[in-house]
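Per our numbering, the sequence shown starts with residue 38, numbered consecutively.
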Amino acid sequence: MTVEEEIGALKRKLGALILAHNYTRPEVQDLADFVGDSLELSRKAAECRAPVIVFCGVRFMAETAKILSPDSIVLHPNPHAGCPMADMASPEAVAEYRAKHPDTLVVAYVNTTAATKTEVDICCTSGNAEKLIAGLPADRKILFLPDANLGANLNDKLGRKMALWPGCCPTHNKILPEHIAAAKEQHPGALVIVHPECTPAVVALADQALSTGGMLKFVRESEKKEFIIGTECGILYRMRKENPEKAFYPLEPAVLCPNMKKTTPEDVLFSLRDLAPRIELDEAMRKRAKAPIDRMLAVLP
Ligand code: 13P
Ligand code: SF4
Numbered sequence: 038m039t040v041e042e043e044i045g046a047l048k049r050k051l052g053a054l055i056l057a058h059n060y061t062r063p064e065v066q067d068l069a070d071f072v073g074d075s076l077e078l079s080r081k082a083a084e085c086r087a088p089v090i091v092f093c094g095v096r097f098m099a100e101t102a103k104i105l106s107p108d109s110i111v112l113h114p115n116p117h118a119g120c121p122m123a124d125m126a127s128p129e130a131v132a133e134y135r136a137k138h139p140d141t142l143v144v145a146y147v148n149t150t151a152a153t154k155t156e157v158d159i160c161c162t163s164g165n166a167e168k169l170i171a172g173l174p175a176d177r178k179i180l181f182l183p184d185a186n187l188g189a190n191l192n193d194k195l196g197r198k199m200a201l202w203p204g205c206c207p208t209h210n211k212i213l214p215e216h217i218a219a220a221k222e223q224h225p226g227a228l229v230i231v232h233p234e235c236t237p238a239v240v241a242l243a244d245q246a247l248s249t250g251g252m253l254k255f256v257r258e259s260e261k262k263e264f265i266i267g268t269e270c271g272i273l274y275r276m277r278k279e280n281p282e283k284a285f286y287p288l289e290p291a292v293l294c295p296n297m298k299k300t301t302p303e304d305v306l307f308s309l310r311d312l313a314p315r316i317e318l319d320e321a322m323r324k325r326a327k328a329p330i331d332r333m334l335a336v337l338p
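Structure representation (structure tokens):
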């Protein structure tokens with residue numbers, strides 16, 4: 038049996054559901070029952086009721102699946118796949134900020150650890166941040182964490198003055214305005230789409246700044262035929278597969294998140310065989326971490 042066939046057989050036996058983020062390796066995306074962005078994957082985890090969820094992506098995403106689906110065994114096939122940005126806001130540092138600024142509402146990007154989520158008021162993802170923050174009272178003091186780029190882009194777009202935590206995505210932060218300019222010169226007819234984790238200088242040069250799910254919807258619905266893609270290169274696989282008649286150009290140098298590439302089909306197979314490594318969360322902590330995600334889903338179901 039091939040690795041893929043063994044995975045299929047184990048999946049059927051266990052009633053397992055394989056979820057994968059849009060940045061994972063093509064061969065992992067091909068194994069998955071559902072491929073999506075952070076928000077879509079959270080929703081899937083919350084509604085699926087599968088006895089076993091195999092989460093191919095970075096740890097905070099697998100933790101979110103466990104927070105929302107506590108009765109499922111949540112497998113994280115490669116436990117070394119973390120998100121460096123999520124680790125830039127520790128629960129202790131956030132608690133210290135709150136103690137000093139008790140009247141500030143703390144909004145956390147979903148790219149935070151479960152432990153940090155216990156210290157925040159409400160979560161958002163890049164797919165719903167704009168709507169969610171636009172709905173908050175204009176005079177309310179807000180801290181946005183951990184991504185200062187996403188926060189600054191939201192401030193620019195919405196005319197807000199949220200305080201920004203000094204974190205960033207090392208992958209998107211490396212994209213420079215000159216990389217966009219070079220791609221535009223090479224492909225003058227293409228639309229530029231970037232992720233809002235890019236710096237404001239990069240977003241200013243783009244036609245659209247969208248979540249990975251938003252990008253896929255945009256290119257599907259657009260009349261245009263050519264797109265320059267300013268985000269992790271894994272998304273190009275799905276874009277090309279779903280839109281064979283359109284052209285998608287990556288930036289140079291390639292935009293790569295090493296952590297999203299860690300999970301392999303072999304990791305998925307071993308995790309299903311061993312039912313490990315699992316995401317385990319202390320129940321009291323899980324409930325506290327769920328509150329800001331529930332608030333997000335209640336505002337924008
Ligand atoms: P999306 O929610 O847009 O998929 O983004 C997740 C992420 O980690 C981007 O770097
Ligand atoms: Fe984290 Fe950036 Fe990788 Fe997304 S691309 S998982 S934010 S390090």
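Idealized CB from N, CA, C, for every residue including glycine.
- The DSSP assignment places complete beta strand (DSSP E) segments of no fewer than 3 residues inside the stretch 178-242 at 179-182 and 228-231, in order along the chain.
- G250 has its CB nearer than 7 Å to a heavy atom of the ligand 13P.
- Under the rule that a run must span 4 or more residues, the alpha helix (DSSP H) segments found entirely inside the stretch 61-90 read 63-66 and 75-85.
- Of the residues assessed, G172 falls on the exposed side of the cut-off, its CB having fewer than 16 other CB atoms within 10 angstroms.
- The Cβ atoms of S79 and L105 lie closer than 8 Å to each other.
- Going by DSSP, A132 is part of no beta strand (DSSP E) but of the alpha helix (DSSP H) stretching over P128 to K137.
- Rounded to the nearest whole angstrom, the CA to CA distance from M297 to A118 is 7 Å.
- Contact check for T268 against V231 passes: the beta carbons are separated by less than 8 Å.
- The beta carbon of L51 is closer than 6 Å to those of V89 in its chain, skipping five residues each way along the sequence.
- If you ignore the 5 residues before and after S163, its C-beta comes within less than 6 Å of the C-beta of P233 and S248, all in its own chain and listed in chain order.
- Here DSSP, grouped into helix, strand and coil, assigns V147 to coil.
- DSSP places A46 in the helix class (H, G or I) of the three-state scheme.
- For K262, the closest alpha carbon among the candidates A241, T236 and H224 is that of H224.
- If you check the CB distance, M199 and L169 do not come in under 8 Å.
- Within the model, the alpha-carbon separation for V91 versus S109 is close to 10 Å.
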